[in-house]
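Position 372 (the sequence shown) corresponds to 899 in the numbering used here; numbering is contiguous.
All C-beta atoms, glycine included, are put in the ideal place defined by N, C-alpha and C.
The model shown is predicted, which means the values in this text are computed figures rather than measured ones.
Okay, so here's the structure we're looking at.
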Amino acid sequence: MRMYDIINRKKKGNSLTREEIRFMIEGYTKGEIPDYQMSAMMMAICFQGMNETETLELTLAMRDSGEVLDLSQIPGMKVDKHSTGGVGDKTSLVLIPMVAALGIPVAKMSGRGLGHTGGTIDKLECFPGFSTGLSKEQFVQNVNQVKMAIMGQTADLAPADKKLYALRDVTATVDQLSLIASSIMSKKLASGADAIVLDVKTGNGAFMKQEADAFALAKEMVQIGKNAGKKISAVITDMNQPLGNAVGNSLEVKEAILSLNGLGPSDFMEVVYALGTELVLAAGKANTQHEAEEMLKQTIRNKTALDKFAEFIEAQGGEKTLVYQPELLPAARIQLQVMNTQEGYVAGIWAEEIGLASLILGGGRATKDSSIDLSVGILLNKKRGDLVHPGETLAVIYANDMEQAKEAYGKIVRAYQIQEDAPKQVSMIKGIIR
Ligand code: URA
Numbered sequence: 528m529r530m531y532d533i534i535n536r537k538k539k540g541n542s543l544t545r546e547e548i549r550f551m552i553e554g555y556t557k558g559e560i561p562d563y564q565m566s567a568m569m570m571a572i573c574f575q576g577m578n579e580t581e582t583l584e585l586t587l588a589m590r591d592s593g594e595v596l597d598l599s600q601i602p603g604m605k606v607d608k609h610s611t612g613g614v615g616d617k618t619s620l621v622l623i624p625m626v627a628a629l630g631i632p633v634a635k636m637s638g639r640g641l642g643h644t645g646g647t648i649d650k651l652e653c654f655p656g657f658s659t660g661l662s663k664e665q666f667v668q669n670v671n672q673v674k675m676a677i678m679g680q681t682a683d684l685a686p687a688d689k690k691l692y693a694l695r696d697v698t699a700t701v702d703q704l705s706l707i708a709s710s711i712m713s714k715k716l717a718s719g720a721d722a723i724v725l726d727v728k729t730g731n732g733a734f735m736k737q738e739a740d741a742f743a744l745a746k747e748m749v750q751i752g753k754n755a756g757k758k759i760s761a762v763i764t765d766m767n768q769p770l771g772n773a774v775g776n777s778l779e780v781k782e783a784i785l786s787l788n789g790l791g792p793s794d795f796m797e798v799v800y801a802l803g804t805e806l807v808l809a810a811g812k813a814n815t816q817h818e819a820e821e822m823l824k825q826t827i828r829n830k831t832a833l834d835k836f837a838e839f840i841e842a843q844g845g846e847k848t849l850v851y852q853p854e855l856l857p858a859a860r861i862q863l864q865v866m867n868t869q870e871g872y873v874a875g876i877w878a879e880e881i882g883l884a885s886l887i888l889g890g891g892r893a894t895k896d897s898s899i900d901l902s903v904g905i906l907l908n909k910k911r912g913d914l915v916h917p918g919e920t921l922a923v924i925y926a927n928d929m930e931q932a933k934e935a936y937g938k939i940v941r942a943y944q945i946q947e948d949a950p951k952q953v954s955m956i957k958g959i960i961r
């Protein structure tokens with residue numbers, strides 16, 4: 528088999544066979560197929576697309592390019608959750624303890640923040656001593672004992688995707704639906720869970736700006752998951768403003784703790800309950816959506832989710848007392864209020880701009896190796912639908928450097944879209960694909 532011939536076949540619109548896809552992915556992972564041939568192939572796929580079988584085969588080949596985690600030592604239906612990324616997305620910190628408190632084992636791989644979006648691992652590192660660098664044995668043991676564990680993505684997990692994603696990033700071939708779907712799903716399938724719920728975000732702060740694209744991506748991923756024998760569903764959620772009120776690592780952890788105490792912002796909790804319901808149903812713990820949601824709500828009312836979160840923090844080396852004393856979490860020195868100058872209603876908040884403002888404050892990574900300031904961020908006092916008057920505080924900036932705070936100020940003011948009329952109420956949940 529020659530890579531030249533495979534590229535040529537795809538260029539002409541043919542479907543690739545399983546053998547061709549395996550040859551290409553195995554060869555590329557080993558370094559036998561060079562970047563320039565793979566770039567040509569990625570571009571051919573951008574123009575010609577891939578059918579369902581090809582997309583599945585590509586996903587499975589990338590999954591098998593590294594280790595597939597064996598979770599067979601964990602009894603029961605293991606669940607996992609994945610978000611395509613957004614601003615203020617602290618969903619996992621609340622959702623996973625709730626689900627684990629119901630006795631459902633959650634084995635989760637998480638990442639760090641990059642660009643304007645945050646990452647769960649950074650947030651959890653607000654707890655001194657906390658580590659996601661668990662061995663596989665420790666990971667399995669923690670899921671068995673605590674019912675939840677979060678591990679950082681290891682180098683062995685879908686290495687073909689890692690290499691390919693870096694290549695796509697610099698060859699303008701990221702935004703092809705089947706390539707995105709297979710990239711995300713190869714990692715999820717390698718993580719070994721039996722049931723997966725996907726949070727596919729759409730809107731100005733999301734990867735998929737258009738709702739139709741988010742639905743199409745969700746459908747492709749669900750199809751791959753089903754074909755690979757997993758229980759899977761995708762919830763398409765709104766990202767036309769940051770989720771909840773807090774953006775920035777420590778501020779988001781504090782908001783997550785508030786939520787576990789029953790004081791979560793309504794937009795955020797709507798997403799948490801929608802995703803949680805999918806997980807509870809997938810695990811077979813409830814028969815109806817209503818029953819699943821009630822069970823989840825009970826974990827907040829009786830504080831079992833809060834206690835589960837503390838237990839999890841301690842099991843991974845973190846200081847659990849901070850769960851009950853969140854005022855001791857990292858705090859920034861400067862607080863700067865962002866003042867409103869216009870009368871009207873908040874119609875939306877450019878989530879990406881708020882994410883970038885947090886980046887300016889030092890709360891995010893410009894490159895993979897940058898260090899971050901966990902204490903900085905933005906608390907949004909006003910959200911979509913709120914009536915605002917001149918002189919009111921729109922948001923509060925938490926910073927450690929006044930120059931950075933001033934730079935972020937302008938971005939935040941510009942991020943608020945204020946109009947005369949009250950905007951239409953929108954649901955956070957755009958749809959569910961099962
Ligand atoms: N996230 C991924 O993991 N892969 C993509 O291709 C796009 C987003």
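Note on geometry: alpha-carbon atoms of Met-796 and Ser-786 lie some 8 Å from one another. Taking 8 Å as the cut-off, the Cβ atoms of Thr-729 and Lys-537 do not count as close. Relative to Met-604, the option among Ala-627, Lys-617 and Gly-889 whose CA is nearest is Ala-627. Tyr-555 sits buried, since 16 or more C-beta atoms from the chains shown fall within 10 Å of its C-beta. The beta-carbon separation of Ala-720 and Leu-598, rounded to 7 Å, stays under the 8 Å limit for a contact. Residue environment for Gly-660: exposed (fewer than 16 other C-beta atoms within 10 angstroms of its C-beta). According to the DSSP assignment, Leu-907 belongs to the beta strand (DSSP E) that extends over 904 to 907. Straight-line measurement puts the Cα of Thr-681 at about 38 Å from the Cα of Met-929.
Short of 7 Å from the beta carbon of Val-940, and not among the five residues preceding or following it, lie these beta carbons of its own chain, in chain order: Val-865. Going by C-alpha positions, Lys-690 is about 29 Å away from Ser-885. Residue pairing by DSSP leaves Thr-826 without any beta bridge partner. About 5 Å separates the beta carbons of Val-667 and Gln-600, which is inside the 8 Å limit, making them a contact pair. In the structure shown, Gln-750 adopts helical secondary structure according to DSSP, grouped into three states.
Annotated three-state conformation of Thr-729 is strand, per DSSP. Positions of the beta strand (DSSP E) runs, each at least 3 residues long and wholly inside the stretch 844 to 900, are given as 861 to 866 and 871 to 876 in order along the chain. Beyond the five residues adjoining it in sequence on each side, Gly-789 comes within less than 8 Å, by CB distance, of Ile-827 and Arg-828 in the same chain, given in chain order.
DSSP assignment within the stretch 601 to 643 yields the following whole beta strand (DSSP E) runs of 3 residues or more, N-terminal first: 606 to 610 and 633 to 637. For Met-528, there is no enclosing beta strand (DSSP E), as DSSP gives it neither H nor E.
Contact annotation: the stretch 584 to 595 touches the stretch 709 to 718, with at least three C-beta pairs closer than 8 Å. Counting along the chain, the unbroken alpha helix (DSSP H) around Gln-668 starts and ends at 663 to 673. With respect to the C-alpha of Tyr-531, the residue from Gln-564, Glu-553, Thr-831 and Leu-620 having the closest C-alpha is Gln-564. DSSP places Ser-658 in the coil class of the three-state scheme, outside both helix and strand. When DSSP states are grouped into helix, strand and coil, Ser-599 belongs to the coil group. Ser-760 carries a strand assignment under DSSP once its states are collapsed to helix, strand and coil.
The nearest non-hydrogen atom of the ligand URA is less than 7 Å from the C-beta of Ser-710. When distances are taken from the beta-carbon of Val-614 to the heavy atoms of the ligand URA, even the shortest one reaches 7 Å or more. The residue from Lys-933, Gly-646, Ile-945 and Ser-710 with its alpha-carbon nearest to that of Ile-552 is Ser-710.
Note on Leu-855: under 16 other CB atoms within 10 angstroms of its CB, so exposed under the neighbour-count rule. Classified as buried, Ser-610 has 16 or more neighbouring CB atoms from the shown chains inside 10 Å of its CB. Between Lys-824 and Ala-837, the C-beta spacing is not below 8 Å.
In the three-state reduction of the DSSP assignment, Gly-576 falls in the coil class, being assigned neither a helical nor a strand state. For Ala-926, the enclosing beta strand (DSSP E) starts and ends at 920 to 926.
Between Ile-723 and Asp-591, the beta carbon gap of about 18 Å keeps them out of contact (Cβ cut-off 8 Å).
Distances taken from the Cβ of Leu-706 to the heavy atoms of the ligand URA include one shorter than 7 Å. Note on Ala-949: under 16 other CB atoms within 10 angstroms of its CB, so exposed under the neighbour-count rule.
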